[in-house]
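S.K.: For reference, the structure I am asking about is given below.
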Amino acid sequence: QKEVEQNSGPLSVPEGAIASLNCTYSDRGSQSFFWYRQYSGKSPELIMSIYSNGDKEDGRFTAQLNKASQYVSLLIRDSQPSDSATYLCATHSGNTPLVFGKGTRLSVIA
Amino acid sequence: KAGVTQTPRYLIKTRGQQVTLSCSPISGHRSVSWYQQTPGQGLQFLFEYFSETQRNKGNFPGRFSGRQFSNSRSEMNVSTLELGDSALYLCASSLYSGDREQYFGPGTRLTVT
Chain A
79 QKEVEQNSGP LSVPEGAIAS LNCTYSDRGS QSFFWYRQYS GKSPELIMSI YSNGDKEDGR
139 FTAQLNKASQ YVSLLIRDSQ PSDSATYLCA THSGNTPLVF GKGTRLSVIA
Chain B
0 KAGVTQTPRY LIKTRGQQVT LSCSPISGHR SVSWYQQTPG QGLQFLFEYF SETQRNKGNF
60 PGRFSGRQFS NSRSEMNVST LELGDSALYL CASSLYSGDR EQYFGPGTRL TVT
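Those protein sequence lines, which keep their order, are chains A and B.
Letter 41 of the first sequence, counting from 1, is numbered 119 in my numbering, and no numbers are missing.
Letter 57 of the second sequence, counting from 1, is numbered 56 in my numbering, and no numbers are missing.
Written out as structure tokens, the structure is:
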């Protein structure tokens, strides 16, 4: 059973701080990794994808992938109250469907 | 470019009834995946369609079925509804089968009473 694990939170950070969200996965064959943001009552929104080891930056977001440790993280710099949401990690291998973690709830305190 | 659309947005059904949900993907996207989201189980994959063919299927009973039309629009059907089918049903589109950069629609909130 392929699994993606995330700390459910809530993770509380003050406004302006760096929020660090972590995800581990069980399938060593996992190839692609995605971070989705889901506001309460809304559908998931794709915010980052990462395919190779290392860091990938997009605005205030940085995704970090370490395949040897089977670990992927999302850093949010200068966190804003509008970043308060549940963040879902997802991965897949081959032509298998995406497997999602249950998400980490982030709360940014003004 | 318009996003993924799903209809209806909300639905209330009674146990034993059946329901059909519809999804129109982003223009140019040919793959449609369906997910069920519940607070306890999170996002769970139902099935994926590409070129009118089911490409992947999740671990759900046969009461859950789907299809895709030549214009890439997709429907899913749930027969003999159970209370446990109450969930948010999400459709996601991508360019092709195997493309896992998926974009979600707003979802259909199904309540079974």
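Quick reminder that beta carbons are idealized off the backbone N, C-alpha and C, glycines included.
It should be emphasised that the depicted structure is a prediction, and the values quoted were computed from it without experimental measurement.
Identify the contact partners of E47/B in chain A, using a Cβ-Cβ distance below 7 Å as the criterion.
M.R.: P175
S.K.: Helix, strand or coil: which one does DSSP assign to G83/B?
M.R.: helix
S.K.: Considering only their Cβ atoms, is the gap separating S69/B from H28/B smaller than 9 Å?
M.R.: no
S.K.: Can you list the residues of chain B that K20/A reaches, using a CB-CB cut of under 7 Å?
M.R.: Only positions 79 to 188 of chain A appear in this structure, which leaves residue 20/A out of reach.
S.K.: Ignore the nearest five residues each way along the sequence and tell me which others in Q40/B's own chain have a CB closer than 8 Å to its CB.
M.R.: none
S.K.: For A97/A, report the span of its beta strand (DSSP E) as first-last.
M.R.: It spans A97 to Y103 - the beta strand (DSSP E) in which A97/A sits, taken as one unbroken run.
S.K.: Evaluate the contact criterion for the region 138 to 157 of chain A versus the region 52 to 64 of chain B: three or more CB pairs, one atom per stretch, below 8 Å.
M.R.: Output reads no: the region 52 to 64 of chain B does not touch the region 138 to 157 of chain A.
S.K.: To the nearest angstrom, how far is it from the Cα of E17/B to the Cα of S78/B?
M.R.: Sequence inspection shows Gln at residue 17/B; the Glu mentioned does not correspond to that position. As the crow flies, the alpha-carbon of Q17/B is around 4 Å from that of S78/B.
S.K.: Can you tell me whether D193/A is helix, strand or coil according to DSSP?
M.R.: Past the boundaries of the shown model lies residue 193/A; chain A is included only from 79 to 188, so the question cannot be answered.
S.K.: Quick check: the Cα distance between Y103/A and S23/B, rounded to an integer number of angstroms?
M.R.: Y103/A and S23/B: Cα-Cα distance of roughly 31 Å.
S.K.: Do three or more CB pairs link the region 163 to 178 of chain A to the region 41 to 49 of chain B at distances below 8 Å?
M.R.: yes
S.K.: With DSSP as the reference, please indicate the residues paired to R108/B in a beta bridge.
M.R.: Per DSSP, Y9/B and L87/B.
S.K.: With respect to the beta strand (DSSP E) encompassing N55/B, which residues constitute its N-terminal and C-terminal limits?
M.R.: T52 to K56
S.K.: Between the C-alpha atoms of L143/A and S108/A, what's the straight-line distance to the nearest angstrom?
M.R.: 11 Å
S.K.: DSSP on D161/A, reduced to helix/strand/coil?
M.R.: Residue state, collapsed to three classes: helix.
S.K.: In whole angstroms, give me the CA-to-CA distance for G2/B and I25/B.
M.R.: 5 Å
S.K.: Sort K12/B, Y34/B and P38/B by Cα distance to L89/B and report the nearest one.
M.R.: Y34/B
S.K.: Considering only C-alpha positions, which residue in the set S171/A, K80/A and I125/A is nearest to G137/A?
M.R.: I125/A
S.K.: At a CB-CB cut-off below 8 Å, which residues of chain B make contact with G181/A?
M.R.: G41
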